[in-house]
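Structure first, commentary second.
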Amino acid sequence: MPEKNHNESELEVKLSEFEILCKTKGLKITPQRIAVYRALIASSCHPTAEEVYQQVRRDLSNISLDTVNRTLHTLTEIGAAFVVEGTGQPRRYDGGGEGHQHFRCIKCGRIVDFHYEPFDNITVPELLDRQFAVLRKTVYFEGLCDVCMGTKQLIN
């Protein structure tokens, strides 16, 4: 699982914010939660639970895949992580809290973060707004990535 180019102080800030979020939500700050969250935010890809598990068990050899799965589920419930939408693939997780959107290559499965500011303020259609409580709005594109097209010039 490739790592993002975060410096240690950025990771520490994110971990500190995560601990505050856990306290706010009434969750214990366990070594397992910290390790799973750290692996998620340090990843430069959008890892599956299995990939997070493989990373975390390097430091916590007795952690189980079930614990990682349950922890990732908890992280999504409290808003510390998100499931990147997709079809027919294992769930992929995103620990990047800053506003962004996703592009997924339908050939190789690579997921690329991008940010297009107009998508930050998508209006919920009135019909939905009256009938439902929309909790999250996401924009997700699918197509062929630069590598699969052989052009290597899209967003990285």
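Position one of the sequence shown corresponds to residue 13 (the numbering used here), numbered consecutively onward. Ideal Cβ positions, reconstructed from N, Cα and C, are used throughout, including at glycine. Just so it is clear, the structure is predicted and the values come from calculations on it, not from any experiment.
### Query
Can the beta-carbon of N81 be found closer than 8 Å to that of A54?
Cβ atoms of N81 and A54: not closer than 8 Å.
### Task
Return the chain-ordered ranges of every beta strand (DSSP E) run that is complete within the stretch 91-123 and spans a minimum of 3 residues.
94-96, 104-106 and 113-117
### Task
Output the distance between the C-alpha atoms of F115 and I123, rounded to the nearest integer angstrom.
A direct Cα-Cα distance of roughly 6 Å separates F115 from I123.
### Query
So who's on the other strand from D132, going by DSSP bridges?
Looking at the DSSP assignment, D132 forms no beta bridge with any residue, so it has no partner.
### Message
Please identify the residue among Q143, V151, Y105 and A93 whose C-alpha is closest to the C-alpha of Q63.
### Response
The question names Gln, but residue 63 is Glu in the sequence shown. The residue with the shortest Cα to Cα distance from E63 is Y105.
### Query
Where does F144 fall in DSSP's three states?
In the structure shown, F144 sits in coil (DSSP, three-state: anything other than H, G, I, E or B).
### Message
Can you look up S55 in the DSSP assignment and give me helix, strand or coil?
### Response
strand
### Message
Tell me the rounded alpha-carbon separation between I32 and P43.
### Response
15 Å
### Query
Where does D71 sit, in a helix, a strand or coil, going by DSSP?
coil
### Task
Compare the C-alpha of V51 against each of F131, A92, L39 and C34 and name the closest.
One detail in the question is off: residue 51 reads as Ala in this sequence, not Val. Nearest C-alpha to A51: A92.
### Distance CB(E110)-CB(T150) smaller than 8 Å
Contact flag unset, no.
### Task
State the CB to CB distance for the pair V25 and A47, rounded to an integer number of angstroms; the pair is presumed to be in contact (CB under 8 Å).
Not quite, the Cβ-Cβ distance comes to about 17 Å (not below 8 Å), so this is no contact.
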